[in-house]
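Just so we're aligned, residue 626 is where the first sequence starts under this note's numbering, counting upward by one.
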Amino acid sequence: MGNCMSPVNHSRPNSPVTAPASAALNEPTSSSATNQTGPTGLGDPNQRRTDRKGKDRASSTEDRPVGRLHSRKRSSMSGSSVLYNLRRYATTPNPTANLPPSLLLLSSPNAIAIFDAYPKAKYHFLVMPRHPFPPQSDPESRSSITSLESLEDLKSVLMKCSREVREEVLTAMANMAREVEEMIRDEMLKTEGFEWKIDVGFHAIPSMKHIHLHVISDDRIGSGLKKKHHHNSFRPDLGFFVPIMEVQRWIEDDSNMQERVDALSGAERLLHTPLTCHKCDEFMANMPKLKTHLEKHFKEEKEAALKHIAKHGRQRSSDEEIF
DNA sequence: GTTCTAGAAC
DNA sequence: GTTCTAGAAC
Numbered sequence: 626m627g628n629c630m631s632p633v634n635h636s637r638p639n640s641p642v643t644a645p646a647s648a649a650l651n652e653p654t655s656s657s658a659t660n661q662t663g664p665t666g667l668g669d670p671n672q673r674r675t676d677r678k679g680k681d682r683a684s685s686t687e688d689r690p691v692g693r694l695h696s697r698k699r700s701s702m703s704g705s706s707v708l709y710n711l712r713r714y715a716t717t718p719n720p721t722a723n724l725p726p727s728l729l730l731l732s733s734p735n736a737i738a739i740f741d742a743y744p745k746a747k748y749h750f751l752v753m754p755r756h757p758f759p760p761q762s763d764p765e766s767r768s769s770i771t772s773l774e775s776l777e778d779l780k781s782v783l784m785k786c787s788r789e790v791r792e793e794v795l796t797a798m799a800n801m802a803r804e805v806e807e808m809i810r811d812e813m814l815k816t817e818g819f820e821w822k823i824d825v826g827f828h829a830i831p832s833m834k835h836i837h838l839h840v841i842s843d844d845r846i847g848s849g850l851k852k853k854h855h856h857n858s859f860r861p862d863l864g865f866f867v868p869i870m871e872v873q874r875w876i877e878d879d880s881n882m883q884e885r886v887d888a889l890s891g892a893e894r895l896l897h898t899p900l901t902c903h904k905c906d907e908f909m910a911n912m913p914k915l916k917t918h919l920e921k922h923f924k925e926e927k928e929a930a931l932k933h934i935a936k937h938g939r940q941r942s943s944d945e946e947i948f
């Protein structure tokens, strides 16, 4: 029980979300990615979240007698395990069989993509490397080219992994992020009739263990977006959100790596930046006002895009497809 | 990461 | 009176 609710909530009853075969830059391994054929409705966060929450609760120790001491101990334990949830997913053997489709979007020999539990936009996914992490030359291998500890966050991948390993890890993540982006664009077209921007990047200071890459649509309309620091943490112009393309430039020229890692650690203050719209930079007195404002942006963007499509038969020129 | 809640802002 | 934020607790 609890998971019987269908995650499918869109008009197309059974259109499988299949990854495109067009990932030109992909290594051979990513072609063996397993695509879930289950859920469409990539952007139905609320329902999905309810599902999973129910499941988590069911597996906890809620049936024990209630008592202050016990409940304090229990909740603090489950609280800290939250920090390790991603690591649990990333180390699950055979994710397709062992992780529910309401959680898992994609899996390949060295990476998985999951639904963010508290989405900060209409589409919000996390991509992470699996562990053990097989060498890309031999995706079937059960040995890992790096330790679990070295995959704790971006900083540890940059500082603790060899040049080769960090390149393989980041490439695997980038390739899967590209597949996720394609799936999102498909879904955007199906549900709204147009495509909009998607951001791909890391948080400078993540709050859960195991390195994860955010793939998030730039509408920023999501049930999980409640605080100023949520919004600031995804602004590509502030510095707390680090686009993957920037990290890839870093590893091409790793001469300043220590400096860059130090800058990551100092990024906390950026979360306290005054609340302004990430699209037009207008000051927002509070979160409810921002939310209303973002809805307006989205509505206007959609209207403009649909008008443009009606007139020209397509949404945009190819030179805009650069992210 | 989220939830809870006291006190500020309205 | 209600809404909202930010910090403590989990």
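No residue lacks a Cβ here, since even glycine has one placed at the ideal position from N, Cα and C. Just so it is clear, the structure is predicted and the values come from calculations on it, not from any experiment.
Report yes if the C-beta distance between Pro831 and Asp778 is below 7 Å; otherwise report no. For the purposes of this step, residue 831 is taken as residue 206 along the first sequence, with counting starting at 1. For the purposes of this step, residue 778 is taken as residue 153 along the first sequence, with counting starting at 1. Closer than 7 Å, so yes.
Three or more C-beta pairs below 8 Å linking the region 908 to 918 and the region 869 to 878: no
List, from N- to C-terminal side, the alpha helix (DSSP H) runs of 4 residues or more that fit wholly inside the region 799 to 873. 853 to 858
Range of the contiguous alpha helix (DSSP H) that encloses Leu900: If you number the first sequence from 1, residue 900 lands on position 275. Run containing Leu900: none; DSSP gives neither H nor E here.
Presumed contact (8 Å Cβ cut-off) between Arg755 and Asn735, rounded CB distance: On the first sequence, position 130 is the one that residue 755 refers to. On the first sequence, position 110 is the one that residue 735 refers to. Right, their Cβ atoms sit about 5 Å apart.
Given Ser706, which residues of its chain have a CB within under 6 Å of its CB, disregarding the five upstream and five downstream residues? Taking the first sequence and counting its residues from 1, one reaches residue 706 at position 81. Nothing listed; no residue qualifies.
Skipping 5 residues on each side, what residues in its chain have a beta carbon closer than 8 Å to that of Lys851? What you label residue 851 is simply residue 226 of the first sequence in a count that begins at 1. Answer for Lys851: Met912, listed in chain order.
If we ignore side chains and look at the alpha-carbon of each, how far apart do Arg939 and Glu925 end up? On the first sequence, residue 939 is found 314 positions in, with the first residue counted as 1. On the first sequence, residue 925 is found 300 positions in, with the first residue counted as 1. Taking the straight line from one Cα to the other gives about 18 Å.
Any idea what DSSP makes of Leu711, helix, strand or coil? Residue 711 sits at position 86 when you count from the first residue of the first sequence. Looking at Leu711 - three-state DSSP - the assignment turns out to be helix.
Once DSSP output is grouped into helix, strand and coil, what is the label at Phe923? The residue labelled residue 923 in the question sits at position 298 within the first sequence. If DSSP states are grouped into helix, strand and coil, Phe923 belongs with the helices.
According to DSSP, is Ser775 part of a helix, a strand, or is it coil? By one-based count along the first sequence, residue 775 stands at place 150. In the structure shown, Ser775 sits in a helix (DSSP, three-state: H, G or I).
Can you tell me which residues form a DSSP beta bridge with Val752? Residue 752 sits at position 127 when you count from the first residue of the first sequence. Looking at the DSSP assignment, Val752 forms a beta bridge with Ala738 and Leu838.
So, is Leu708 buried or exposed, given that buried needs 16 or more other C-beta atoms within 10 angstroms? The count along the first sequence starts at 1 and reaches residue 708 at position 83. Exposed, because fewer than 16 other Cβ atoms sit within 10 Å of the Cβ of Leu708.
For Tyr743, I'd like the list of residues in its chain whose CB is within less than 6 Å of its CB, leaving aside the five on either flank, ordered along the chain. Counted from its first residue, the first sequence places residue 743 at position 118. Excluding sequence neighbours, Tyr743 sits near Gly849.
Using C-beta distances below 7 Å, list every residue in its chain close to His933, excluding the 5 sequence neighbours before and after it, in chain order. What you label residue 933 is simply residue 308 of the first sequence in a count that begins at 1. Same-chain partners within the cutoff: Gln940.
Would you report the Cα separation of Val794 and Asp887, rounded to the nearest angstrom? As a working note, residue 794 is residue 169 in the first sequence. As a working note, residue 887 is residue 262 in the first sequence. Going by the C-alpha atoms only, they are around 21 Å apart.
From Pro757, His835, Leu863 and Asp811, pick the residue whose C-alpha is nearest to that of Leu711; which is it? What you label residue 711 is simply residue 86 of the first sequence in a count that begins at 1. Closest option to Leu711, Cα to Cα, is His835.
Whose C-alpha, out of Ala829, Lys745, His828 and Asp811, is nearest the C-alpha of Trp821? One-based indexing of the first sequence puts residue 821 at position 196. Nearest option by C-alpha distance: Asp811.
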